[in-house]
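Asker: Mapping of the sequence shown onto the UniProt record's numbering: position 167 corresponds to residue 167, and the numbering continues sequentially without gaps.
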Amino acid sequence: PSVLSHVLEGHGDAVWGLAFSPISQRLASCSADGTVRIWDPSSSGPSCLCTFPMSGEHGIPTSVAFTSTEPAHVVASFRSGDTVLYDLEAGSALLTLESRGSSGPTQINQVVSHPNQPLSITAHDDRGIRFLDNRTGKSVHSMVAHLDAVTCLAVDPNGVFLMSGSHDCSLRLWSLDNKTCVQEITAHRKKHEEAIHAVACHPSKALIASAGADALAKVFV
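1. Compare the beta carbon distance of residue 227 and Gly-101 with 8 angstroms and say whether it is the shorter of the two.
2. Alpha carbon to alpha carbon, how far is Phe-20 from Val-221?
3. Using 8 angstroms as the cut-off, can you tell me whether the region 149 to 162 makes contact with the region 132 to 140, which would need three or more C-beta pairs spanning the two stretches below that distance?
4. What's the C-alpha gap between Leu-173 and Gln-183?
5. Any idea if Thr-67 is buried or exposed, counting beta-carbon neighbours within 10 angstroms, 16 or more meaning buried?
6. Taking the beta carbon of Pro-203 as the centre, do at least 16 other beta carbons fall within 10 Å, making it buried, or is it exposed?
7. Which runs of the beta strand (DSSP E) at least 3 residues long sit entirely within the region 83 to 166? Give them in chain order.
8. The beta strand (DSSP E) with Pro-61 in it runs from where to where?
9. Taking Leu-216 as part of the beta strand (DSSP E), name the residues at either end of that continuous run.
10. What is the DSSP secondary structure of Ile-172, counted as helix, strand or coil?
11. I believe Arg-37 touches Ser-29 by the beta-carbon criterion, under 8 angstroms. Please report the beta-carbon distance rounded to the nearest angstrom.
12. Does the distance from the CB of Leu-153 to the CB of Leu-132 come in under 8 angstroms?
13. Could you work out which residue in Gln-117, Thr-151, Ala-90 and Asn-178 is closest to Ile-107 when comparing CA atoms only?
14. Determine the closest residue to Pro-53 out of Lys-205, Leu-85 and Val-155, with distance taken between C-alpha atoms.
15. Beta-carbon within less than 7 angstroms of Val-144's beta-carbon, same chain only, minus the 5 sequence neighbours each way: which residues are those?
16. Would DSSP call Arg-189 helix, strand or coil?
17. Considering only DSSP beta bridges, list what Ile-196 is partnered with.
18. Does DSSP put His-11 in a helix, in a strand, or in coil?
19. Going by C-alpha distance, which of Gly-34, His-6, Ser-24 and Ile-23 is nearest Gly-12?
20. Note the first and the last residue of the continuous beta strand (DSSP E) segment covering Val-75.
21. Please name the residue in Gly-91, Ile-208 and Thr-96 whose C-alpha comes closest to that of Ala-76.
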């Protein structure tokens with residue numbers, strides 16, 4: 001595709017993240033203006049269907065993801081350390097998940113959804129990764145995962161492995177069965193105190209990719 005189809009206007013500041021649900025055909029965006037917006041990009045005149053949160057009580061959202069087990073739900077993470085589950089049909093917050101650690105709130109850099117379980121997984125500035133139950137809101141597991149801030153996450157399509165990236169320059173592959181690290185790769189050089197910004201898993205092949213502050217994108221087999 002090379003032709004601009006639509007411009008979605010509504011946010012009042014930088015847009016940090018996007019997520020698309022192929023099931024519901026909805027697009028979610030999160031912005032520095034303090035809101036998460038849901039769009040119907042397939043309509044002839046795309047418009048914002050709903051906006052969360054209305055009062056900005058959770059601060060600035062950093063990441064957004066559709067939950068895999070319930071297409072009508074979207075989960076958002078915030079700088080405040082909050083993680084909130086929203087119901088698109090009701091147009092309101094459903095649950096605030098227990099993503100704040102015992103040492104207090106810490107910025108969440110990304111939230112991802114497990115592909116076949118009602119779990120949200122969050123990457124934190126305090127070097128931690130937390131696993132949150134979307135049904136109860138409870139934290140079911142937390143771990144110190146890196147030597148520096150955890151910046152990004154990706155779950156393989158089968159839900160067997162979790163990939164994490166960090167400003168400690170490493171990629172780590174975790175078994176989701178027992179939450180142990182099964183592989184570590186020193187992937188990028190640090191630049192301006194930052195290292196890895198994004199990770200991704202191929203939807204059908206044994207490939208992973210990373211993007212770093214060193215101006216490189218790498219693919220691993």
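Ideal placement from N, C-alpha and C gives every residue a C-beta, glycine not left out. None of these values were measured; they are calculated from a predicted model.
Answerer: Here's the rundown:
1. Outside the displayed range of the chain (1 to 221) lies residue 227, so it cannot be described from this structure.
2. The count along the sequence shown starts at 1 and reaches residue 20 at position 20. The count along the sequence shown starts at 1 and reaches residue 221 at position 221. Their Cα atoms are separated by approximately 26 angstroms.
3. Contact between the region 149 to 162 and the region 132 to 140 is absent, because fewer than three Cβ pairs lie under 8 angstroms.
4. For this step, residue 173 is matched to residue 173 along the sequence shown. For this step, residue 183 is matched to residue 183 along the sequence shown. Cα to Cα, Leu-173 sits roughly 5 angstroms from Gln-183.
5. Locating residue 67 in the sequence shown gives position 67, counting from the first residue. So Thr-67 counts as buried.
6. As a first step, residue 203 is located in the sequence shown; it is residue number 203 there, counting from the start. Exposed is the call here.
7. 83 to 87, 92 to 97, 108 to 113, 119 to 124, 128 to 133, 139 to 144, 150 to 155 and 161 to 166
8. Indexing the sequence shown from 1 puts residue 61 at position 61. First-last of the beta strand (DSSP E) with Pro-61: 61 to 66.
9. On the sequence shown, position 216 is the one that residue 216 refers to. Note, Leu-216: premise wrong, no beta strand (DSSP E); not H, not E.
10. As a position in the sequence shown, residue 172 is number 172, starting the count at 1. Inspection of the sequence shows that residue 172 is occupied by Arg rather than by Ile. Here Arg-172 sits in strand by DSSP.
11. The residue labelled residue 37 in the question sits at position 37 within the sequence shown. The residue labelled residue 29 in the question sits at position 29 within the sequence shown. With 8 angstroms as the limit, Arg-37 and Ser-29 qualify as a contact, their Cβ atoms being about 5 angstroms apart.
12. Position 153 of the sequence shown holds residue 153. Position 132 of the sequence shown holds residue 132. Taking 8 angstroms as the Cβ cut-off, Leu-153 and Leu-132 do not qualify as a contacting pair.
13. Numbered from 1 along the sequence shown, position 107 holds the residue referred to as residue 107. The sequence shown places Gln at residue 107, rather than the Ile named in the question. Answer by Cα proximity: Thr-151.
14. Your numbering for residue 53 matches position 53 in the sequence shown. The shortest C-alpha separation from Pro-53 is found at Leu-85.
15. The residue given as residue 144 occupies position 144 in the sequence shown. Arg-127 and Gly-128, listed in sequence order.
16. Walking along the sequence shown from the start, residue 189 turns up at place 189. Three-state DSSP puts Arg-189 in coil, outside helix and strand.
17. Here residue 196 refers to the residue found at position 196 when the sequence shown is read from its first residue. Paired residues: Gly-212.
18. For the purposes of this step, residue 11 is taken as the residue at position 11 of the sequence shown. Note: His-11 maps to coil in three-state DSSP.
19. Sequence index remark: in the sequence shown, residue 12 carries index 12 (1-based). Cα-wise, what sits closest to Gly-12 is Gly-34.
20. Mapped onto the sequence shown, residue 75 falls at position 75. 73 to 78 is the span of the beta strand (DSSP E), which, as asked, contains Val-75.
21. Counting from one through the sequence shown, the residue named residue 76 turns up at place 76. Of the candidates Gly-91, Ile-208 and Thr-96, the one whose C-alpha sits nearest the C-alpha of Ala-76 is Thr-96.
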